[in-house]
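Chemist: Residue numbers (the working numbering): 1 to 195. Beta carbons are placed, not taken as given, at the ideal position from N, Cα and C, and that holds for glycine. Dropping a structure here in structure tokens format, bear with me for questions.
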Amino acid sequence: MGKATTAYLLTCAAIGVATGLLIIPMTALSTLTYATFPPLGALTAGAWVIGFVIAMRLIEKPGAAVLTGLISGLVAAPFSASGPAIVVTNVMFAAFIELPFLVTLYRKWGRGLYYVGALSAFVLYALWTVTSANMTAFPWWVVVLYVVGLLASAAVATWLGLVIADRLRAAGVARLARRRAAAADPAPVAPVAEG
1 MGKATTAYLL TCAAIGVATG LLIIPMTALS TLTYATFPPL GALTAGAWVI
51 GFVIAMRLIE KPGAAVLTGL ISGLVAAPFS ASGPAIVVTN VMFAAFIELP
101 FLVTLYRKWG RGLYYVGALS AFVLYALWTV TSANMTAFPW WVVVLYVVGL
151 LASAAVATWL GLVIADRLRA AGVARLARRR AAAADPAPVA PVAEG
């Protein structure tokens, strides 16, 4: 990650707090609907990636999503039915957002990588919930709607996170927290001729 600046840490903290505050009511709604009609709860799933997408897009530095995930989990934990486990959940979702960038060694920042991370996270989450969390008790069409709802929510949240981050960047937000592309290598100095 290199040297973490104060601006980087504060930007991740601000996005993490906002994400944690978003996740608190979404967790409650998801928990309430899971037992009765899971596709409704699936529509809230994007709340678990939007802040991490914003952090990665806005800052474009290693660790931005994971740090934001940790902070959002700590904010949400006292108010979540799952308690401290939500910290682990948030960090896992954040890690999936960050994973495609890690694979490219943080050299590529294309929009498609955000979708790869978010959709990968929710494909695995769908497989886990359908097979391990008693989803088979519902009719097949409810399970299909649930999986489609999860993936649609992830795609929409990723798109929205990219739009928000791009608008924030255009407004000059987090300029100091962003990566320094070529600024780290100063231009070579020409030797002075003696004469």
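1. CA-CA distance, Met26 and Phe52?
2. Put Pro62 into one of helix, strand or coil per three-state DSSP.
3. Taking the C-alpha atoms as reference points, what is the distance between Gly112 and Leu145?
4. Leaving out the 5 sequence neighbours to the left and right, which residues in its chain are closer than 7 Å to Gly46 when beta-carbon positions are compared?
5. Here's the rule I'm using: 16 or more other beta-carbon atoms within 10 Å means buried, otherwise exposed. How should Val148 be labelled?
6. Assuming the contact rule is C-beta atoms closer than 8 Å, Thr136 and Ala81 should be a hit. Round their C-beta distance to whole Å, please.
7. Taking contact to mean at least 3 C-beta pairs separated by less than 8 Å, is the region 8-15 in contact with the region 62-70?
8. Does the region 76-93 come within contact of the region 162-179, defined as at least 3 CB pairs closer than 8 Å?
9. By how many angstroms is the C-alpha of Pro62 removed from the C-alpha of Met92?
10. Mapping DSSP to helix, strand and coil, what is Trp159?
11. Using a 10 Å radius around the Cβ and a threshold of 16 neighbouring Cβ atoms, would you call Pro100 buried or exposed?
12. Got a sec? Which residues, its chain only, sit under 7 Å from Gly83 by beta carbon, not counting five neighbours each side?
13. Taking the alpha carbon of Pro139 as the reference point, which residue from Leu21, Thr19, Ile86 and Phe37 has its own alpha carbon closest?
14. Kindly give me the distance between the Cβ atoms of Gly161 and Ile54, rounded to whole angstroms, as I take these residues to be in contact under 8 Å.
15. Hey, quick one: how far does the alpha helix (DSSP H) through Leu43 stretch, first residue to last?
16. Tell whether a beta-carbon distance below 9 Å holds between Gly41 and Leu22.
17. Residue range of the alpha helix (DSSP H) that Ala118 falls in?
18. Between the C-alpha atoms of Thr171 and Glu98, what's the straight-line distance to the nearest angstrom?
19. By Cβ distance, which residues of its chain are closer than 7 Å to Leu151, with the 5 residues on each side in sequence left out?
20. Buried or exposed: where does Val163 fall if 16 or more other Cβ atoms within 10 Å of its Cβ makes it buried?
Modeler: In terms of the structure at hand:
1. So the two alpha carbons sit approximately 16 Å from each other.
2. Correct three-state label for Pro62: coil.
3. So the two alpha carbons sit approximately 25 Å from each other.
4. Only Ser153, Ala154, Val156 and Ala157 meet the Cβ criterion.
5. By the beta-carbon neighbour count (other beta carbons within 10 angstroms, threshold 16), Val148 is exposed.
6. Separation of the CB atoms of Thr136 and Ala81 is rounded to 23 Å, and the pair is thereby denied contact status at 8 Å.
7. A contact exists between the region 8-15 and the region 62-70.
8. As far as the Cβ criterion goes, the region 76-93 does not touch the region 162-179, which means the pair count is below three.
9. Approximately 15 Å between the Cα atoms of the pair.
10. In this structure, Trp159 counts as helix in the three-state DSSP scheme.
11. Buried, by the Cβ-count rule.
12. Hits under 7 Å: Ala77.
13. Taking only the C-alpha atoms, the option nearest Pro139 is Phe37.
14. Correct: roughly 5 Å between the Cβ atoms.
15. Premise fails: Leu43 is in no alpha helix (DSSP H) and is neither H nor E.
16. Contact flag unset, no.
17. Boundaries of the alpha helix (DSSP H) around Ala118: Arg111 to Ser132.
18. Sequence inspection shows Ala at residue 171; the Thr mentioned does not correspond to that position. Their Cα atoms are separated by approximately 24 Å.
19. Sequence-distant partners of Leu151 (beyond 5 residues in either direction) whose C-beta falls short of 7 Å from its own C-beta, in its chain, are Leu119 and Phe122.
20. Exposed is the call here.
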